[in-house]
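Asker: Encoded as structure tokens, here's the structure I'll be asking about.
There are 4 protein chains.
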Amino acid sequence: MTGLGVGLIGTGYMGKCHALAWNSVASVFGDVERPRLVALAEVNADLAARKAAELGFATSTGNWRDLIDNADVDVISVTTPNAFHAEMAIAALEAGKHVWCEKPMAPLLADAERMQAAAARSGKVAAIGYNYIQNPMIRQIKALIDGGSIGTVNHVRIEMDEDFMADPQSLFYWKSEASSGYGALDDFAVHPLSLLFILFGHVETVIADMVKPYAERPLASGGSRAVENHDIASVLLRLECGISSVLMANRSAWGRKGRIALQIFGSTGSILFDQERMNEIELYQNAGEKAEQGFRRILAAPIHAPYDRFIPAPGHGLGFNDLKIIECRELLSAIRGERAHLIHFDDGLRIERSIHAMARSFAERRWVSLLES
Amino acid sequence: MTGLGVGLIGTGYMGKCHALAWNSVASVFGDVERPRLVALAEVNADLAARKAAELGFATSTGNWRDLIDNADVDVISVTTPNAFHAEMAIAALEAGKHVWCEKPMAPLLADAERMQAAAARSGKVAAIGYNYIQNPMIRQIKALIDGGSIGTVNHVRIEMDEDFMADPQSLFYWKSEASSGYGALDDFAVHPLSLLFILFGHVETVIADMVKPYAERPLASGGSRAVENHDIASVLLRLECGISSVLMANRSAWGRKGRIALQIFGSTGSILFDQERMNEIELYQNAGEKAEQGFRRILAAPIHAPYDRFIPAPGHGLGFNDLKIIECRELLSAIRGERAHLIHFDDGLRIERSIHAMARSFAERRWVSLLES
Amino acid sequence: MTGLGVGLIGTGYMGKCHALAWNSVASVFGDVERPRLVALAEVNADLAARKAAELGFATSTGNWRDLIDNADVDVISVTTPNAFHAEMAIAALEAGKHVWCEKPMAPLLADAERMQAAAARSGKVAAIGYNYIQNPMIRQIKALIDGGSIGTVNHVRIEMDEDFMADPQSLFYWKSEASSGYGALDDFAVHPLSLLFILFGHVETVIADMVKPYAERPLASGGSRAVENHDIASVLLRLECGISSVLMANRSAWGRKGRIALQIFGSTGSILFDQERMNEIELYQNAGEKAEQGFRRILAAPIHAPYDRFIPAPGHGLGFNDLKIIECRELLSAIRGERAHLIHFDDGLRIERSIHAMARSFAERRWVSLLES
Amino acid sequence: MTGLGVGLIGTGYMGKCHALAWNSVASVFGDVERPRLVALAEVNADLAARKAAELGFATSTGNWRDLIDNADVDVISVTTPNAFHAEMAIAALEAGKHVWCEKPMAPLLADAERMQAAAARSGKVAAIGYNYIQNPMIRQIKALIDGGSIGTVNHVRIEMDEDFMADPQSLFYWKSEASSGYGALDDFAVHPLSLLFILFGHVETVIADMVKPYAERPLASGGSRAVENHDIASVLLRLECGISSVLMANRSAWGRKGRIALQIFGSTGSILFDQERMNEIELYQNAGEKAEQGFRRILAAPIHAPYDRFIPAPGHGLGFNDLKIIECRELLSAIRGERAHLIHFDDGLRIERSIHAMARSFAERRWVSLLES
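Chains as they are written, first to last, in this note's numbering: chain B, 83 to 455; chain D, 83 to 455; chain A, 83 to 455; chain G, 83 to 455.
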């Protein structure tokens with residue numbers, strides 16, 4: 083039994099998602115050793131034991147450091163709250179384990195920098211769970227762009243909107259505290275930035291506006307409390323490659339549930355995408371008969387690898403959780419030393435720097451360059 | 083070790099799909115014992131061994147009857163070509179195993195009838211893999227209808243279209259042979275019928291028209307061969323409950339990839355669905371301000387159970403394979419003796435009778451009643 | 083002043099629509115003499131006078147025969163209730179006037195036959211107001227089909243649905259009386275048939291099912307009255323050219339407002355259209371990279387003549403009333419003796435024969451051939 | 083004959099559009115005197131005569147000042163190139179005529195200011211042809227917002243995109259000269275600003291980024307010429323009412339033909355609109371069953387006045403040119419001294435000031451307040 087030994091810290095939604103991916107990756111892809119689900123850590127032994135049974139892990143512990151010390155564990159999934167990522171990821175890397183850490187890296191830039199340094203020292207794989215980039219349709223977009231299907235890209239708009247903070251009557255909770263971050267900017271903007279990075283590279287200059295749709299929110303105890311961060315962020319930016327872009331994020335956008343909408347404009351065509359219809363892209367090309375030009379709605383199909391590993395027929399649809407299985411497969415490639423479609427700690431750090439620059443541009447009401455800091 | 087012992091016969095796409103479901107059902111739902119993947123059968127021992135490793139089964143065999151004889155196997159997934167279903171399912175039922183058999187039951191009505199009889203005798207669960215009915219959005223449609231959200235339903239249109247037979251240049255293969263069945267009718271129409279059954283009940287009278295878009299198809303050896311069945315079928319029908327319906331199926335429909343489109347008309351509203359956008363339904367209600375009425379696009383969300391078992395956020399999207407995991411969970415309920423959202427052999431048999439009646443109505447150019455035969 | 087002299091009988095919605103067209107056709111097209119709006123007839127002199135002022139006609143009368151006798155009138159628009167069409171159109175034709183008559187020709191087939199005969203005798207233009215065929219996007223569909231863009235067409239589905247009869251609480255009125263016609267069949271099915279005719283030719287055999295969603299409807303006086311015709315009709319049909327088709331009509335379809343949905347399947351592609359989005363068509367072609375195939379949404383543009391006569395920029399949108407202006411321009415071509423994109427009385431009669439055949443196929447529960455009668 | 087006397091200067095597309103509106107307004111609305119099409123001016127007498135015949139004007143002239151001097155002309159449509167608007171509109175106003183002038187008012191802010199001053203002095207109606215605000219669906223949006231249907235609006239995104247400048251191979255022409263204006267900003271941004279104004283009021287602060295997708299464009303004579311203005315503009319802005327907004331304009335956006343997309347976010351719901359589907363809006367409300375919430379696609383219908391004046395049935399669709407007829411009707415109301423849904427020179431001037439502020443914010447790379455200048 084030679085499959086990789088897996089440890090999992092955290093069993094919230096993302097922990098479950100990692101567990102499902104570790105469970106399914108061999109069956110889906112058929113070209114990798116079945117990973118061994120060695121050990122799972124949770125905040126206490128009871129919960130850990132229950133979750134291990136549920137998620138198929140062989141052993142469990144209430145102390146995550148047991149996984150660090152477990153020689154049978156080769157790779158550790160870190161899916162705990164963001165504030166814990168740095169300590170766990172660094173410990174794992176220093177113990178010679180590969181790390182698969184959920185995004186964002188850390189609330190504080192200094193912590194993210196320490197994580198990146200630890201990864202660089204370790205020589206191990208240290209990847210961030212930016213699952214949206216794993217969508218075969220995003221890869222198809224990349225293939226189209228790299229293949230010149232829409233010529234030279236000159237402008238990109240990207241929106242990420244949900245409505246879980248949209249109700250002004252919902253109670254104040256930690257997401258509205260300044261200590262949790264800037265609001266929409268770090269909650270949401272990291273995802274569009276991961277897509278912009280994969281498709282076009284890193285950000286150079288930014289100017290952001292941010293808004294509090296509700297100045298205060300009610301408390302369970304009665305009365306209300308002032309909201310400390312911003313549910314809406316809008317950013318003008320320029321990428322290093324010269325492309326101009328507008329990035330918009332709104333976590334109070336009624337009716338939007340998982341929207342990540344891309345509009346990519348090139349010199350010979352355009353591409354549209356919306357994560358709410360994640361199995362579709364739209365492609366316009368200035369080609370062929372003028373009377374027949376239009377946006378073409380392309381449905382995900384086996385030809386858009388690795389969709390074929392999941393379903394042999396087109397148009398049947400992958401789901402959100404399937405993206406994590408693909409990400410897991412990429413991680414296994416990286417661990418094998420192969421080229422992988424992943425965002426590692428070094429690029430992840432640059433994404434997080436962009437977020438902090440956006441916040442600064444808002445605070446100082448001016449364009450901020452990423453080269454400044 | 084108390085989880086159910088699982089045997090799997092066949093590892094084509096549906097076999098893989100069953101394996102993924104058996105692998106994931108406990109992790110996803112968290113409320114069932116993790117099934118034990120006991121044994122897998124394929125056409126020869128080598129393939130079986132390779133697939134067992136890939137799909138996580140403990141043992142393997144080149145002889146499917148080994149599974150029948152294996153006391154540790156409690157339930158058998160039958161995912162072999164349709165012609166083998168009867169023999170395997172009946173053997174399994176007679177050996178006291180539960181059976182989870184892919185659709186359709188059998189090419190010959192007589193075989194389907196024998197399967198149903200065996201199931202009735204056995205007292206075991208004998209369910210058919212009609213996965214589309216497991217979509218939480220289909221359940222939501224059912225809840226809407228049963229709750230009176232669109233009043234009394236009076237008319238239903240349902241279309242199932244794909245394009246895998248659309249190219250007249252693709253070589254003649256067994257799907258165009260009469261021995262494989264009627265064509266679109268049994269390939270496709272069973273799925274819409276499974277949905278009609280779940281939502282409204284069984285069919286009473288039918289009249290069908292069928293078409294061969296291409297009279298012949300090329301042979302690899304040169305020349306061509308006459309097509310023996312029909313890629314397109316259109317059916318007027320009346321359900322036992324009195325609803326009138328139109329059922330259309332086309333496996334030569336360029337551009338359609340996995341379309342199963344429902345239009346349900348009621349006395350106070352309408353519901354639309356298309357499997358190509360399986361995470362959405364559209365609901366129109368004659369309610370509220372006239373100036374604000376319209377079709378409402380509802381995105382799958384945790385409130386549409388069991389979506390919540392997969393993803394805690396709305397609008398993120400289930401995939402086709404997830405439906406099989408839900409089906410597997412329903413099967414476990416049925417085995418526990420609980421009420422389950424499944425199509426068992428008895429109702430499955432009636433679905434297949436409808437197909438044969440449609441073919442007869444075409445051959446005899448007349449309305450055919452299901453009560454006739 | 084050499085423009086054609088126009089008479090208008092009837093000033094309901096369609097009368098207004100004709101008036102708008104006569105008023106605008108010269109300005110829009112710029113290549114025809116401005117018609118002279120000579121005389122308008124209504125049921126009494128007062129209404130006629132008021133409408134003439136409103137709609138820009140020079141004179142008015144309460145007696146439509148005055149228009150027949152008016153030597154300055156060259157062409158007469160007949161937009162009165164269907165039961166009056168025959169008398170008026172025949173009188174106009176016999177007086178040597180061209181006739182532009184609203185659809186359908188007449189409730190009774192015998193009347194439609196007399197109209198056709200009168201037209202044939204007269205040598206004048208006798209056209210029916212099938213405005214949907216005038217949509218530039220329908221012409222584009224025809225150009226695509228005729229140019230082989232989707233290969234050989236083998237199957238067509240067409241639906242026409244609205245919801246003006248959908249409310250079971252709305253009072254019984256003449257549209258539910260048998261004397262008004264078959265219901266959805268003549269209210270709606272003529273429009274799809276006009277499109278099928280323009281694109282593919284006439285119908286050969288039919289079998290229809292018809293449904294009354296509501297057996298009775300309330301009376302203003304209290305109580306209720308039995309509904310005498312059918313709001314829903316579904317028809318399997320074969321065209322003379324061999325294409326198989328399904329035609330569906332529902333005037334009780336909640337949420338549908340002006341839906342006329344076409345699905346055209348060919349050997350190398352498909353075309354979709356919905357009148358509710360009348361400025362769009364969708365085209366799928368099995369061409370180019372497989373990974374990039376999809377339905378292409380084509381927006382109406384100047385290249386789709388005569389859109390260019392209305393708007394010089396693409397994607398800005400024609401409206402329903404604009405179709406009548408195009409129809410009017412075609413009528414002027416026909417009057418000039420040029421080839422025109424119109425449905426004349428001879429083909430219109432065949433469309434109405436198809437309707438009667440459908441009703442018969444329902445009554446007799448059998449396939450009916452158009453060659454029978 | 084008491085209808086208003088109309089003069090028209092200019093017969094390009096917008097001139098034709100005005101002529102169509104003057105021709106049809108009485109027939110469509112039935113509640114206003116039929117305007118008299120008195121005189122038309124073009125650059126020379128021949129063209130003027132030809133256009134007068136075509137568009138139905140009684141007289142014509144090669145000298146636009148003849149219209150100013152014509153006592154029978156009560157209102158003048160100014161549809162000439164933007165650079166001529168000021169001189170003509172001011173002359174007309176000073177001669178005591180009402181003015182209906184196409185947008186924008188003038189390339190130079192000083193000219194727009196003179197126009198506004200002339201209008202103020204004259205006491206006559208001086209309206210700008212911002213036709214998009216006349217869409218009944220825009221009025222419905224306004225009614226929804228004003229009626230509190232989506233609570234308090236907190237954020238708005240608006241995009242205007244077309245592709246007439248998208249081809250880098252198309253020859254350099256005057257639209258790329260600095261003298262023609264800023265590019266997308268004045269070509270396009272005025273339209274979104276007209277909508278923002280009608281719905282929410284004026285702009286307070288702005289910061290813009292602008293891009294040249296193509297640094298140079300080819301010359302017919304060979305070689306190329308540097309592009310002097312920007313085809314793409316993106317603007318963060320705050321309205322006087324406090325709402326934050328993002329305005330995006332791109333005249334090189336392949337595939338976009340007439341897109342003006344609005345996303346309006348409020349405290350209890352959202353509204354979406356896209357001019358390419360101008361007969362639809364989408365409304366999301368946080369109301370009713372959670373499991374049934376979704377964006378509702380509302381089709382234009384008679385209840386959305388004045389759609390009813392055009393068509394008595396819902397979902398049949400107005401066209402772009404119909405908006406001008408509505409605008410004409412509003413103008414007649416204003417002339418009668420009634421409240422009208424129009425943008426007059428005073429608010430139009432403020433819209434144009436916003437454009438200049440955006441350009442300045444780009445040039446100076448900073449937020450600019452409208453109160454500054």
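Idealized CB from N, CA, C, for every residue including glycine.
Counting only beta-carbon atoms, is A/Asn311 nearer than 8 Å to chain D?
Answerer: Along the third sequence, one-based indexing puts residue 311 of chain A at 229. A/Asn311 does not count as touching chain D.
Asker: Tell me the start and end of each unbroken beta strand (DSSP E) in the segment 219-259 of chain G that is at least 3 residues and wholly inside, in chain order.
Answerer: Counting only runs of 3 or more, we get 235-243.
Asker: Judging by CA-CA distance, which residue of B/Gly370, B/Thr143, B/Lys257 and B/Cys410 is the nearest neighbour of B/His180?
Answerer: Looking up residue 180 of chain B in the first sequence gives position 98. Nearest of B/Gly370, B/Thr143, B/Lys257 and B/Cys410 to B/His180, Cα basis: B/Cys410.
Asker: Measure the beta-carbon distance from D/Asn460 to D/Val120 and round it to whole angstroms, keeping in mind my assumption that it falls under 8 Å.
Answerer: Outside the displayed range of chain D (83 to 455) lies residue 460 of chain D, so it cannot be described from this structure.
Asker: Buried or exposed for D/Asn403, going by 16 or more other Cβ atoms inside 10 Å?
Answerer: Mapped onto the second sequence, residue 403 of chain D falls at position 321. So D/Asn403 counts as buried.
Asker: Within 10 angstroms of the Cβ of D/Ser252, are there 16 or more other Cβ atoms? Answer buried if so, exposed if not.
Answerer: Your numbering for residue 252 of chain D matches position 170 in the second sequence. Its Cβ having fewer than 16 others within 10 Å, D/Ser252 is exposed.
Asker: Whole angstroms are fine: how far does the CA of A/Gly419 sit from the CA of D/Ile289?
Answerer: The count along the second sequence starts at 1 and reaches residue 289 of chain D at position 207. The count along the third sequence starts at 1 and reaches residue 419 of chain A at position 337. Approximately 46 Å, taken between the alpha carbons.
Asker: Which residue marks the beginning of the alpha helix (DSSP H) containing A/Ile380, and which one marks its end?
Answerer: The count along the third sequence starts at 1 and reaches residue 380 of chain A at position 298. Per DSSP, A/Ile380 belongs to no alpha helix (DSSP H); it is in the beta strand (DSSP E), Phe377 to Leu381.
Asker: Give every residue of the same chain whose Cβ lies closer than 8 Å to the Cβ of A/Met83, excluding the five residues on either side of it in the sequence, and list them in chain order.
Answerer: Taking the first residue of the third sequence as position 1, residue 83 of chain A is located at position 1. Residue placement at A/Met83 is poorly supported in this model, since its pLDDT is 45, which falls under 50; the coordinates still yield a value, given next. Arg118, listed in sequence order.
Asker: List, in order along the chain, the chain B residues whose C-beta lies closer than 9 Å to that of D/Arg359?
Answerer: Looking up residue 359 of chain D in the second sequence gives position 277. Simply Arg359, Asn361, Glu362 and Gly399.
Asker: Using beta-carbon positions only, say whether D/Gly330 and A/Val328 come within less than 8 Å of one another.
Answerer: Walking along the second sequence from the start, residue 330 of chain D turns up at place 248. Walking along the third sequence from the start, residue 328 of chain A turns up at place 246. Sequence inspection shows Met at residue 330 of chain D; the Gly mentioned does not correspond to that position. Closer than 8 Å, so yes.
Asker: Anything in the segment 232-246 of chain G with a Cβ closer than 9 Å to a Cβ of chain B? List those residues in chain order, please.
Answerer: Result list: Ile232, Gly233, Thr234, Asn236, His237, Arg239, Glu241, Asp243 and Asp245.
Asker: Taking only beta carbons into account, state which residues of the segment 107-141 of chain B come closer than 8 Å to chain D, listed in chain order.
Answerer: Answer set for the segment 107-141 of chain B: Ala108, Ser109, Val110, Gly112, Arg116, Ala135, Glu136, Leu137 and Gly138.
Asker: Please report whether the beta-carbon of D/Ala373 lies at a distance below 8 Å from any beta-carbon of chain B.
Answerer: Against the second sequence, residue 373 of chain D aligns to sequence position 291. No, D/Ala373 lies away from the interface with chain B (no Cβ there is under 8 Å from its Cβ).
Asker: Based on DSSP bridge pairs, tell me the residues matched to D/Ala123.
Answerer: By 1-based counting over the second sequence, the position of residue 123 of chain D is 41. Paired residues: D/Ile91 and D/Thr143.
Asker: Where B/Arg447 and G/Val450 are concerned, what is the direct C-alpha to C-alpha distance, given to the nearest angstrom?
Answerer: Within the first sequence, residue 447 of chain B is the residue found at index 365, counting from 1. Within the fourth sequence, residue 450 of chain G is the residue found at index 368, counting from 1. Going by the C-alpha atoms only, they are around 11 Å apart.
Asker: Taking 8 Å as the threshold (C-beta atoms), are B/Tyr296 and B/Val285 in contact?
Answerer: Counted from its first residue, the first sequence places residue 285 of chain B at position 203. Counted from its first residue, the first sequence places residue 296 of chain B at position 214. In this structure, B/Tyr296 does not lie closer than 8 Å to B/Val285 by Cβ.
Asker: Does D/Ile437 come within less than 8 Å of chain G when only Cβ atoms are used?
Answerer: Within the second sequence, residue 437 of chain D is the residue found at index 355, counting from 1. No - not a single Cβ of chain G is within 8 Å of the one on D/Ile437.
Asker: Starting from the beta carbon of B/Gln216, find every residue of chain C whose beta carbon is closer than 9 Å, and list them in chain order.
Answerer: Of the chains in the structure shown, none is chain C; the protein chains are B, D, A and G.
Asker: Would the segment 181-200 of chain B count as touching the segment 155-170 of chain B if we require 3 or more Cβ pairs under 8 Å?
Answerer: Touching, yes.
Asker: Would a check of beta-carbon distances place G/Phe392 closer than 8 Å to chain A?
Answerer: Residue 392 of chain G sits at position 310 when you count from the first residue of the fourth sequence. Judged by the 8 Å Cβ criterion, G/Phe392 is in contact with chain A.
Asker: Less than 8 Å between the C-beta atoms of G/Ile314 and B/His237, yes or no?
Answerer: Numbered from 1 along the fourth sequence, position 232 holds the residue referred to as residue 314 of chain G. Numbered from 1 along the first sequence, position 155 holds the residue referred to as residue 237 of chain B. Going by C-beta atoms, G/Ile314 is nearer than 8 Å to B/His237.
Asker: How many Å lie between D/Pro218 and A/His426 at the Cα?
Answerer: Taking the second sequence and counting its residues from 1, one reaches residue 218 of chain D at position 136. Taking the third sequence and counting its residues from 1, one reaches residue 426 of chain A at position 344. So the alpha carbons of these two residues sit roughly 51 Å apart.
Asker: If you run the structure through DSSP and keep just helix, strand and coil, what is A/Arg418?
Answerer: Looking up residue 418 of chain A in the third sequence gives position 336. A/Arg418: coil per DSSP, three-state reduction.
Asker: So for B/Ile353, helix, strand or coil by DSSP?
Answerer: Locating residue 353 of chain B in the first sequence gives position 271, counting from the first residue. Reduced to three states, the DSSP call for B/Ile353 is strand.
Asker: May I ask you to list, following chain order, the residues of the segment 331-353 of chain B that have a beta carbon less than 8 Å from some beta carbon of chain A?
Answerer: Per Cβ criterion, the list is empty.
Asker: Confirm, please, whether the CB-CB distance from G/Ser159 to G/His100 is below 8 Å.
Answerer: What you label residue 100 of chain G is simply residue 18 of the fourth sequence in a count that begins at 1. What you label residue 159 of chain G is simply residue 77 of the fourth sequence in a count that begins at 1. The answer is yes: Cβ separation under 8 Å.
Asker: Taking 8 Å as the threshold (C-beta atoms), are B/Ala209 and B/Leu431 in contact?
Answerer: In the first sequence, residue 431 of chain B corresponds to position 349, counting from 1. In the first sequence, residue 209 of chain B corresponds to position 127, counting from 1. Not in contact: B/Leu431 and B/Ala209 (Cβ atoms no closer than 8 Å).
Asker: What residue range does the alpha helix (DSSP H) around D/Met440 cover?
Answerer: Residue numbering aside, residue 440 of chain D sits at position 358 when the second sequence is read from its first letter. Looking at the DSSP string, the run of the alpha helix (DSSP H) that includes D/Met440 is Phe427 to Ala445.
Asker: Would you mind working out which of B/Leu344, B/Glu358, B/Gly94 and B/Phe111 sits nearest B/Lys224, comparing C-alpha positions?
Answerer: Taking the first residue of the first sequence as 1, we reach residue 224 of chain B at position 142. When only C-alpha atoms are compared, the closest one is B/Leu344.
Asker: A/Leu365 CB to nearest chain B CB: under 8 Å?
Answerer: Along the third sequence, read from residue 1 onward, the residue named residue 365 of chain A stands at position 283. Judged by the 8 Å Cβ criterion, A/Leu365 is in contact with chain B.
Asker: By how many angstroms is the C-alpha of A/Ala171 removed from the C-alpha of G/Met247?
Answerer: Your numbering for residue 247 of chain G matches position 165 in the fourth sequence. Your numbering for residue 171 of chain A matches position 89 in the third sequence. Their Cα atoms are separated by approximately 51 Å.
Asker: What ranges does the alpha helix (DSSP H) occupy inside the segment 127-182 of chain D, keeping only unbroken runs of at least 4 residues that lie completely in it?
Answerer: If we require 4 residues or more, the alpha helix (DSSP H) runs fully inside the segment 127-182 of chain D come out as 127-137, 147-151 and 164-176.
Asker: For the alpha helix (DSSP H) containing B/Ser261, name the first residue and the last one.
Answerer: Here residue 261 of chain B refers to the residue found at position 179 of the first sequence. B/Ser261 -> no alpha helix (DSSP H), and no H or E assigned at all.
Asker: To the nearest angstrom, how far is it from the Cα of D/Tyr212 to the Cα of G/Gly351?
Answerer: Numbered from its first residue, the second sequence carries residue 212 of chain D at position 130. Numbered from its first residue, the fourth sequence carries residue 351 of chain G at position 269. So the alpha carbons of these two residues sit roughly 38 Å apart.
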